Amino acid sequence: METLAPPVVAVVVAHDPGPWFEETLASLASQDYAELSVLVLDAASGEGLTERVAAVLPTAYVRRFEQNRGFGPTVNEVQAMVDGADYFLLCHDDVALSPDAVHLLVEEAFRSNAGIVSPKVVSWDDPERLVHVGMTVDKGGSVVDRVQPYEIDHGQHDAVRDVFVAPGGSTLVRADLFEELGGFDPGIVAMGEDLDLCWRAQVVGARIIVAPDAMVRHLEELAGGSRPLDQSLADAEGEDSSDHPVTLQELQRRHELLAVFKCYGPFHLVRVVPQVLVLAVGEVVVAELAGNRARARAVLRAWRWNLGRMGVIRRQRKELKTHRRLGDKEIRLLQIGGSARLSAYGRRVFQHGFHGAHADELAAADDAARDDGELDADSGRPAGLVARVGPAAATLQPELEPEPAPEPEPASVEPGRGRVSGQVRLTAWLGAALVVLIGTRGVLGGRLPVVGQFVPFPSWSSTLIQFATGWHPSGVGTTAPASPALALAGLVGTVLLGAMGLTQKVLVFGCLPIGAWGVVRLVRPFGSQRASLIAGLAYLAMALPYNALALGRWGALAIYAGAPWVLVRLFRATGTAPFRAVAPDPAGQAVGSRHGDGPDGSASTGRRLSAWTVRHGTLRSVVALGLLEAVLVSFVPAAAIVVVLAALALVLSSCVYWDWGDTVRALWLALGSTLVAAVVCLPWLIGVLSGGRGAVAVFGVPVPASGAASWGSLLRFAVGPIGVSPLAWGFAVAALVPLVLARGPRFRWAGRFWSIALVFWFAAWAIGRGWTGGLAIDPLVLLGPAAAAVAAAIGLGVAAFEEDLRSADFGWRQLASVVATGAVVLGSIPTLVSAVPGRWDLPINDFSQSVRWMGAKAAGGAFRVLWLGDSRSLNQGSWSAGDGLAYATSEDGSPDARWLWNAAGPGPAAGLATAVDLARSGRTDRLGRMLAPAGVRYVVVLTALAPEIYGEQSPQQYPVPADLAPALSRQLDLDSVVSGTGITVYANAAWFPERALVPAGKPLAASDATPRSASAHPGSPPGLPLEPYAVPVLPGPAAARSYRGPLRVGELLAALAPAGRWNLVESGGTPAVRSSSFGWAGRYRVTASGAATLRFGGGLVTPVSFFVSVIAWLTAVAFLSVRRLDGSWRRVRTGRRRRRVDDDDAPDGDGSAAASDPVPPADATVVA
Amino acid sequence: MTDTAGQGAPAAETVAPTTSPRRARRVRRAPVPPVPRRWQAVVSVVLVVVVVSLVSWAFPAPAAPPAPGSADGVPVPPAGAYSSSALCAAGTGNAAATSIFLTNSTTRTVRGVMTSVGPAHGGAPVLRTVAGPGLGSTAVNPSSGLPQGSSASSFAFAGGGVVADQVVSGPGGWSTAPCASQTSSQWAFAGGSTTAGRSLTLALFDPAAPEAVVNVSFVTPGGLVTPQAYQGLVVPPGQLLVENVGDFVQNAPDIATEVTAPSSSRQAGGCPSAWARRHCRPCGDLPRPPPGPVPPSTSTWPTSAPLR
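Chains E and L, in that order, give the protein sequences. As numbered in our numbering, residues 187 to 1354 make up the first sequence, in order. As numbered in our numbering, residues 1378 to 1685 make up the second sequence, in order.
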């Protein structure tokens, strides 16, 4: 019959198809599309398919190949075989089309003018379950399904729409488009050929749509892992699979990366590939920590494979470039933002915890490995497998994976005692999260106000570069190594794809759940879920973290998050119940390694590793705590003191319990871990110690004792605007309960918790009064462990109520329990009330807005700002100027996070403090001239955390010494330009630019003077700059390490220290002669006009310092990951029951160093 | 059974055999051993809390040091200073000879620069190097090189310990007054007259970098006089501004003058500091020397009171 319908050739690639193949053929035979021809390509099946095809579809053509080259390369043969077709319908051998599928696909292709059309793909066995309705990708090539795994089809996706990828299985492709694209990439044998083809189709401007009216059932034999991957395919790709078989996951990852390398234009390639690389590094590290070697190997081999074929990729890029019709910017609009893989992993961790997220994937990987195929559960690409074994399957498809039997409690705990149903726990935590979200809603959306240590980060690359380079802008410049916090923050920012605002919020607000989680872990060994729950909630309800938020104390938040985890480690070191260290199970040594589990009995590696773990258990504990401490120290150097002090508090408790041996072990652990942390942070530590006596300033800058928190305020954590109500006493009152009610180990630990709380309370009180001299740790930092101990004691009270009061007569003990319960509830009220406004008392406006105008002033030459005030009000790391006054600098306006962790010693910037001191003591009235050599254009005095706005915000006040303002007002060369509530800005009339040139023939007025004598230099009256002929040169951003610009002949003055590390290269490439200026700054003789570059040269110290840092961190992580391979893999494999027992693992994953024994009931002891 | 704190823990229950059918089974609780060291722990905690509370109460945190009192405008710069100033306004022009005596209280010579200016638009300032010998005194003529009329001088010393006194002498006698060593935002003058035959001149000198915006008001027997022209008076940096008070306050036998640099002017870009001085001529038979500047809150008056 003559029709006007375009001819369509259905190309079915078959390779040893199963019994379903007849159904596939039958579905093609039943199509109502008249112009459909069927071509079956037999990819070297073991038995010829001709007879099977002829039996079902006698009109079909069959072509047999003697070698299986994979789906894509086989399909490519149709270009030579078929002539006159308008469309190709590319089919796997395990699909079944609805009778009108081809008709609908062609119809939609015409209607939408689409180049590629995809049908709705449903489950082979259950057509009501969706498998694919088109796909999209993220910037890194990770494919994301538009439907949830095995989502029930209610017609919710039945709209025609554009998609980025038409999933393989059954795809209608216009023949001319297929020819223009050159077919599939011949290098892709399986997994990812659809992504590659569709991405290239997008590049050439073709439209890809999904037509959900056309339905196809898909068995997904290969992607689902049911059909083993032919390893000869991988070998054909040049991959040596002798050691480890190439898995589907590896193929998927390598082809995703190939698509990225191939399809992006140069600009986006440079932009995206570093992000993908950093994500890959993070993924490898996490996978190694989780013991998922297959995933780590897949990522690494994907990169190796692609980097090894760069020549081919370059040719393919060149070819694609000739067809490109759409720019990457337009193509990116069809991609999803962020990282799909990271988001999926985040969801899994959020839903199932770290262990749960990896356990399911490991099980999936194990299953897949058993079938010689492994899949990436995060990518969503092999959705079928995810649906079968992933966490979601438990809820979506209970029939596919039976719920495990109810988990029995550990034997030593009476069944049902202290248990709380999962629903109750979930409700409680959701309620707590809701309160926190309500309290934080005002700052979640916009940017965080710049108060205290909440300063914005520069870009992720700048943050990382700041760590890697050897010069930092604090003061007037220093070569002291940077805090690892910059690297850690930069890494987090990189993982979050450069969203540094989000990074800041994650790092700030993430402290709240981490801390609560830590307290839950701290109390869980006592065997009561209720106790853990209440302790965690109490920790979350205390005013401390919200005061830290309100005051911008990031360090205090970090300690709040880390203190419970530190305490867990220390408690385990005591070796006393319930924190009893458990040696690895000897039986487990044989199964310690994944590869040791093999049926061939080759478990020697695992056994050796496990034996080694037993011998070095203590060392591992030290390294684990050391690594945790190193992370904390990076953000809060005082964490080192906190850890040791916590151990000392434990020892102090032995004065009562007389168990010195146990607690001294904890002290040794603390000292050892501090040593490890010092080694891990060695370059930074050396930089700190180089500060000499001033190194103690790294722990904090002394503040006036007049504003110190009272003893009562400390006891109720009311060290800020939140929790000042007497109700906040409730927590301390409730924490007393276990001390008077508990018995046995619970009583012993109650005493220890109180010892810790008292020691840290006392330390905060004593330091607040200035009794420790230069050692001025922020009291909020010290209150973190105290709060954790109080919360744990509250939880212990619950456990004591459950265990120790069971059979007691009704009396005062029960009454005390009721009072304690009420006290906790009442104690939470101030925090709940504070949540209502939605900002935790964080101000809306900040001083960075008050001085935003400074940024425009940089056009007149780079300058510094000298910040004076209480160290708690400054937005960067500071040094003491005496009398509770602190000083710090920034460049071209307000500071960012690069100034947050400054060097221990100010270096030449100490002259700024000296000058201010001279002004305060009336020994100079030309302070501006003394500050001018450092390029200080503005002096900012802060007396509050933020501007006070009547009726809007009443921020914390931080008075400065009373003589400061009059002294600055007396200065003849300072001009008050801004005077608001909490801030006064003085302009320095004697200022000259940070990088300035005095032309030849003009006198250098004062550059040969010292900063002090400059103040009295009679060269110019107060109204003129110290160097009146200096002109700004070498423009550039703040805190850069290289400046370039045109220079005239003359003298270049650069206020960048140390001057010996800064070199000026003139236009001819000759280095300029350098001499000293003002005793510390640089002065360069410019002999020829032209472009010149002033560049920091760190020498060998910078790279050596960087590599030592990186190696130290990686070594520590690797040490722990080796241990994890040995210890935790077995538990993950053995299922959820064991995992529950090991829930006391620290977040670093050091799981088997110590398990926890629940405390036996007291009556059991009595009976015994 | 003695109920000891902490003994409320569950006890094993024993059932005693009944000897009488009338009596129900009697339940007896086994004695629970006390928890060792409970009281030590409780007492230790309470003791620490109480003791620290008592110490905290008995020795409260030190209060913030009070703000220093306003300087009287003529303190002697400390000997160890790196730079100091002396600010002398109100040179009397032609009516009397003016000298400034520099007295160095330190043992070493202190060098500096004297900058003298005439009234506004009176020409460029004259800079001259000066040196005060150790433990000695030297005199300089501030009017040298300046056109006739009022003048003001500022000294920038490369050290401290130097005081300057301005001496006015003429046919009618002489008087002396100290020069200020620092700027202030408020000045008050307690004498003056604009009755017939007398004139009162106000000299405003801004030695600092930014310009000063000042308000001038007068207290007369008739009440407070606030001439509009004297509100927001701009004194350029390094310049001397001379105003004839009689133009606005006429025929007043006694006039007190107050000069302020309002805070509002700071926000407008002005300067909080100003240095003002008043001189009058003729005041009686003798040339009236310049009275010392007196900030309003001072507790110390200049040692050289005006001659009468």
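The beta carbon of each residue, even a glycine, is placed where N, CA and C say it ideally should be. Since this is a predicted model, take the numbers as computed values, not measurements.
- Taking 8 Å as the upper bound for CB-CB distance, V264 of chain E and V195 of chain E are in contact here, some 7 Å apart.
- If only complete runs of 4 or more residues are kept, the stretch 293-368 of chain E shows the alpha helix (DSSP H) at 361-366, in order along the chain.
- Approximately 4 Å separates the beta-carbon atoms of P353 of chain E and H318 of chain E; this is inside 8 Å, confirming the contact.
- Among the CB atoms of chain E, one or more fall inside 8 Å of the CB of A1585 of chain L.
- Within the DSSP secondary-structure output, G1550 of chain L pairs in a beta bridge with L:G1547.
- Interface annotation, W703 of chain E: not in contact with chain L, CB-CB separation never under 8 Å.
- Contact of A736 of chain E with chain L by beta-carbon distance below 8 Å is absent, the smallest such distance being about 21 Å.
- Residue environment: N492 of chain E is assigned as buried (16 or more neighbouring CB atoms within 10 Å of its CB, all protein chains considered).
- Here Y1136 of chain E is exposed. Its C-beta has fewer than 16 other C-beta atoms within 10 Å.
- In the DSSP assignment, E1620 of chain L forms a beta bridge with L:L1579.
- With a contact defined as Cβ atoms closer than 8 Å, F640 of chain E and G738 of chain E qualify at about 5 Å.
- Contacts with chain L at 8 Å (Cβ-Cβ) do not include G1121 of chain E.
- Note: G916 of chain E is not bridge-paired with any residue in the DSSP secondary-structure output.
- Below 8 Å, too few C-beta pairs join the stretch 1102-1119 of chain E and the stretch 838-850 of chain E to call them touching: fewer than three.
- Residue-level contact by beta carbon holds for R1112 of chain E and chain L, with a gap shorter than 8 Å.
- Cβ-Cβ separation between V1487 of chain L and T1506 of chain L: approximately 12 Å, too far for a contact (criterion under 8 Å).
- L1306 of chain E and G663 of chain E have their C-alpha atoms roughly 37 Å apart.
- Distance from the CA atom of Y1172 of chain E to the CA atom of Q1616 of chain L, rounded to whole angstroms, is 21 Å.
- Within the same chain, N1592, V1593 come within 8 Å of Q1608 of chain L by CB-CB distance, once the 5 residues on both sides are set aside.
- The continuous alpha helix (DSSP H) containing L861 of chain E extends over residues 846-866.
- Short of 7 Å from the beta carbon of Q502 of chain E, and not among the five residues preceding or following it, lie these beta carbons of its own chain, in chain order: K448.
- Neighbours of F903 of chain E in chain L, taken as residues whose beta carbon is under 9 Å from its own, are absent, since the nearest beta carbon is some 15 Å off.
- With a 10 Å radius around the Cβ and a threshold of 16 neighbouring Cβ atoms, K515 of chain E comes out exposed.
- Around D1103 of chain E, no beta-carbon contact reaches into chain L at under 7 Å, the shortest distance being about 11 Å.
- Taking C-alpha positions only, Q1062 of chain E is separated from M321 of chain E by approximately 46 Å.
- A direct Cα-to-Cα measurement between W1248 of chain E and G656 of chain E gives close to 12 Å.
- The C-alpha of I1477 of chain L is placed about 37 Å away from the C-alpha of G1187 of chain E.
- In the assembly as shown, N733 of chain E is a buried residue. Its beta-carbon has 16 or more other beta-carbons within 10 Å.
- Against chain E, the beta carbon of V1593 of chain L has no neighbour under 9 Å; the closest one sits roughly 20 Å away.
- The criterion of a C-beta distance shorter than 8 Å is not satisfied by T1578 of chain L and N1518 of chain L.
- A straight line joining the alpha-carbon of G684 of chain E with that of V329 of chain E spans about 21 Å.
- Distances from the alpha-carbon of S645 of chain E to those of E:L620, E:I624, E:G638, E:L672 put E:L672 closest.
- Distance from the CA of P305 of chain E to the CA of P670 of chain E, rounded to the nearest whole angstrom, comes to 51 Å.
- Judged by beta-carbon spacing, R511 of chain E lies beyond the 8 Å limit of K325 of chain E, meaning their Cβ atoms are not closer than that value.
- Taking a beta-carbon distance threshold of 8 Å, G847 of chain E does not count as an interface residue toward chain L.
- T613 of chain E counts as exposed, since fewer than 16 other C-beta atoms from the protein chains shown sit within 10 angstroms of its C-beta.
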